[in-house]
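Oh and the first sequence: position 346 is 346 in this note's numbering, straight run, nothing missing. All C-beta atoms in this analysis are idealised placements derived from N, C-alpha and C, irrespective of residue type, glycine included. Reading through the structure tokens given below for one structure.
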Amino acid sequence: MPTAFKTQTDRPARKSDMNLFADFEIRIKNALETIDIVKEKRSEVDFGRVTVEPPRDQSHGDVATNAAMVLAKPLGTNPRALADVIAAALRNDPDVSEVSVAGPGFINIRLSTGYWQNVLSSMIKAGLSYGRSTMGEGKKANVEYVSANPTGPMHVGHCRGAVVGDALANLMDFAGYDVTKEYYINDAGSQIEVLARSAFLRYREALGETIGQIPEGLYPGDYLVPVGEALAAEYGSRLHNMPEDEWMPIVKDKSIEMMMGMIREDLDALNVHHDVFYSERTLHANGAQSIRQAINDLTFKGHVYKGTLPPPKGQLPEDWEDREQTLFRSTEVGDDMDRPLIKSDGSYTYFAADVAYFKDKYDRGYDEMIYVLGADHGGYVKRLEAVARAVSGGKAKLTVLLCQLVKLFRNGEPVKMSKRSGNFVTLREVVDEVGRDAVRFMMLYRKNSEPLDFDFAKVTEQSSDNPVFYVQYAHARCASIYRQAKEAFPDLDTDSLDLTAGIARISDPNEMQLVAKLAEYPRIIEAAAQAQEPHRLAFYLYDLARFFHAHYDKGRKTPELRFVKDNDRELTIARLGLVRAVASVLKSGLTITGTAAPEEMR
RNA sequence: GGUCCCAUAGCUCAGCAGGAUAGAGCGCAGGAUUCCUAAUCCUGAGGCCGAUGGUUCGAAUCCAUCUGGGAUCACCA
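So, in structure tokens, the structure goes:
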């Protein structure tokens, strides 16, 4: 993950009061302050490296800290000895039932049953807002993703960025950022002219002309047929009699409008919804006022000059000419090469528009700007970072998230795609075939820096192979338990019932394990949001579902552990509270990933 | 050639700002259903964390070099 403008050391304090690890981080640091040798050398030691986390193995305890190992050296003692002292201090905490020192100096803390019951109780009370954090401090964040060219339907390659960007935005929102989901429409430039010409051909077709084969260089896809028909219906043969420079803007507008309509439908099918659609054309409007202003701004700050670029390395393009042009001195702000702002025909480069676009975002007051791009745009990262530095004077926080490419397979065979021939797999086809939830979760069930093989056969035929169903099934099971409870106790009103009243009955170690897993949720949310890695949430949900399924299954062999106890109303209610907590976290997480939390699956 | 990403079990991947005996799914071998949905669970086999150096109490994790794979490389968008 690029971290160009983040200092690694300023780690925001964890703000969720429901994050018990954050809670214990404070308690442990307080305990440290009471220790004599710490007090003696207080000014020399830094608690920054002290971490508090769940132990690798639950048998070690509930909370573990490396405090002794990190602090032993600056305090001039050895880790084990220091650990013993810290452990003694921690034993004073009434919520701590056991403290042990293990391995090289780990301090393992086991929490009292009462503490866990309180945790569970607060989870139930918080419901779907459990895990919500104020870590983002309401900072304005702009997540730009998809931004597919409006020249045709979205293809499967757009899928990953769409899902990752959308989930990340949801995640950051949940973690306390003020998030805007944004789509940059590349509706200026030569590919739009090509689009308009292609649509014009379809228009002539709609008027009854035989157009034959679509000429090389135009878009051949059928999806432009409706555009031609719409133009014919609206304008009759009038456009046909106009010179190109007259029909061109009309056809452009109509084409872009209809293509964006199509793209929005595709996005909707994937459950992706943007707040802002930002048009590149607006930057070029009024004599490219925005772009000129942006360039003026850069010029004023001394980042623009006229000069020549060295010829490209490797194979020299046919039409390469060594000429003077207007350049952005991006090398001074971290780029490998200075970048042209004005083309040989006098118009602005795509990059120039991007400078203006960034400036616009910056002026709109975003603290953080995130670009979700495909790996094929990797070469663009340094350029964007350079823009951010130059425009904001180093103040803007810009992160580029690169999604590696998705390789499509069908029964183990790679699916060939050719954009030119119009022979490509559309996003819609994939969603229709394998389902929205399966697609989304699949895209999230991988680190975004890792390439992804997407096999239709694997995702559809063996649908249970897709982790989303496993997680959804866990949620459906929770609902099923409620249905079951209603059968056992027909008068039970599970909606208005206080599920926390009998919480003291939740004490079995198996149940506590489940509560402990649930208690990790706020921490996962904060860590995933901060690292901007939504896949962590997907893995957590799978993990939680696994714990739940396992616990559920214990009830088969050990009836005492079943959630619904016909002969014990109070215990059933208490356990329904636990089930409610599981269901809430599952639903909350699934919602962030943009997938459904079904009540039943059959 | 430059830049960026990746390399962990037979396969697909996690590994949480360096920590304890490196995990999961699939596949493989075996087992569980008169019982809250078996779309589930349990047990087992399976690893030189690509290679070599370095940093330190401690490295799959950080640094350097190398090997192998992917992306990208003026005026396109």
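For residue i and residue j, I'd like the C-alpha separation in whole angstroms.
i, j, result
"Met601", "Pro55", "34 Å"
"Ala356", "Phe328", "13 Å"
"Leu586", "Ala474", "8 Å"
"Pro311", "Phe351", "19 Å"
"Lys557", "Glu487", "22 Å"
"Glu324", "Glu332", "19 Å"
"Gly161", "Arg339", "26 Å"
"Gly379", "Met248", "33 Å"
"Ala87", "Ser59", "18 Å"
"Ser190", "Gly217", "12 Å"
"Glu429", "Leu224", "17 Å"
"Ala72", "Glu33", "15 Å"
"Arg647", "Lys29", "Examination of residue 647 is not possible in this model, given that the chain is present from 1 through 602 alone."
"Pro598", "His549", "16 Å"
"Ala620", "Gly61", "Because the chain spans 1 through 602 in this model, residue 620 falls outside it and cannot be assessed."
"Pro522", "Tyr371", "25 Å"
"Val52", "Phe24", "7 Å"
"Thr349", "Asp245", "22 Å"
"Lys15", "Asp367", "At Lys15, the pLDDT of 47 sits below 50, so the modelled position is not reliable; the number obtained from the coordinates is stated separately. Spanning the two alpha carbons is a distance of roughly 18 Å."
"Leu111", "Pro104", "22 Å"
"Val431", "Asn448", "20 Å"
"Glu280", "Ala188", "6 Å"
"Phe106", "Pro414", "48 Å"
"Thr326", "Leu401", "29 Å"
"Thr7", "Glu511", "Low per-residue confidence applies at Thr7: pLDDT is 28, beneath 50, and the placement is therefore not dependable, though the value from the model is reported in the following sentence. Computed Cα separation, rounded: 41 Å."
"Ala4", "Tyr482", "Residue confidence is low: Ala4 scores 29 on pLDDT, short of 50, so the model does not pin down where it sits. No coordinate-derived value is stated."
"Gln289", "Ile295", "10 Å"
Tell me the DSSP bridge mates of residue i?
i, result
"Arg339", "Phe328"
"His155", "Thr426"
"Thr180", "Asn142"
"Gly307", "Gln325"
"Asp266", "Beta-bridge pairing links Asp266 to no other residue."
"Ser449", "Paired residue(s): none; Ser449 is not in a bridge."
"Phe409", "Pro414 and Asp455"
"Glu280", "Glu280 pairs with nothing; no bridge assigned."
If residue i and residue j are in contact, beta carbons under 8 Å, what's the gap, nearest whole angstrom?
i, j, result
"Met135", "Ala529", "7 Å"
"Pro153", "Met262", "6 Å"
"Val101", "Asp84", "6 Å"
"Gly334", "Lys382", "6 Å"
"Ala169", "Leu283", "Wrong, their Cβ atoms sit about 23 Å apart, outside the cutoff."
"Lys416", "Asp453", "No, Lys416 and Asp453 are not in contact; Cβ-Cβ is about 15 Å, not under 8 Å."
"Val564", "Gln484", "5 Å"
"Val146", "Val272", "7 Å"
Are residue i and residue j close, meaning C-beta to C-beta below 9 Å?
i, j, result
"Thr572", "Phe489", "yes"
"Glu144", "Glu182", "yes"
"Leu537", "Gly589", "yes"
"Asp465", "Val471", "no"
"Ala519", "Leu20", "yes"
"Ala141", "Leu444", "no"
"Gly157", "Gly374", "yes"
"Leu195", "Ile256", "yes"
"Ala269", "Leu427", "yes"
"Ser584", "Tyr130", "yes"
"Lys359", "Met369", "no"
"Ile250", "Leu231", "yes"
"Phe456", "Phe424", "no"
"Arg625", "Leu514", "The requested residue 625 does not occur in the structure, where the chain is confined to residues 1 to 602."
DSSP three-state label for residue i, please.
i, result
"Ile370", "strand"
"Tyr362", "helix"
"Ile35", "coil"
"Ser121", "helix"
"Ile592", "helix"
"Ala501", "coil"
"Ile185", "strand"
"Thr399", "strand"
"Val582", "helix"
"Lys15", "Residue confidence is low: Lys15 scores 47 on pLDDT, short of 50, so the model does not pin down where it sits. No coordinate-derived value is stated."
"Thr494", "coil"
"Glu209", "coil"
"Met1", "Interpretation of Met1 is limited by its pLDDT of 28, a score under 50 that renders its predicted location unreliable; no figure is taken from the coordinates."
"Asn108", "strand"
"Tyr380", "helix"
"Pro467", "helix"
"Ser251", "The sequence given here places Val at residue 251; Ser does not occur at that position. The answer is helix: DSSP assigns Val251 an H, G or I state."
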